[in-house]
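*Asks:* Supplied in structure tokens, the structure appears directly below.
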Amino acid sequence: MRSAGILIGTFLLVYFVTPYLVEWLLALLPVEQPDRLTSGVAILATLAVYALLRRTLGDRMPRI
13 MRSAGILIGT FLLVYFVTPY LVEWLLALLP VEQPDRLTSG VAILATLAVY
63 ALLRRTLGDR MPRI
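Next up, the structure:
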């Protein structure tokens, strides 16, 4: 049950929460064309969050 919770939490954090927060943050910054930067920054942030979770949880972290 614990591994299912980690899998669901990882999936939600990596694929939904992180891109939404990046889009929100770019909307707050004085960037002229935030929609052009949103996808690139969201992908980089998603990779960073996943790498941080892999480092923190180790082998308990599912590979997605």
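Numbered per the working numbering, the sequence shown spans residues 13 to 76. All C-beta atoms, glycine included, are put in the ideal place defined by N, C-alpha and C. Everything numeric in this text was worked out from a predicted model, so none of it was measured.
#1: So for P31, helix, strand or coil by DSSP?
#2: For chain B, check one thing: does any of its Cβ atoms lie closer than 8 Å to the Cβ of V26?
#3: Name the two residues that bound the continuous alpha helix (DSSP H) containing G52.
#4: Can you give me the C-alpha to C-alpha distance between G17 and W36, rounded to a whole angstrom?
#5: Do A39 and G46 count as a contact pair if the criterion is CB distance below 8 Å?
*Replies:* By the coordinates alone:
#1: In the structure shown, the three-state DSSP call for P31 is helix.
#2: The displayed structure is made up of one protein chain only, and chain B is not part of it.
#3: Bounds of the alpha helix (DSSP H) holding G52 are 46-69.
#4: Each residue's alpha carbon lies about 26 Å from the other.
#5: Note on identity: in this sequence residue 46 is Pro, with Gly being the wrong assignment. Their beta carbons are under 8 Å apart, which means P46 touches A39 by this criterion.
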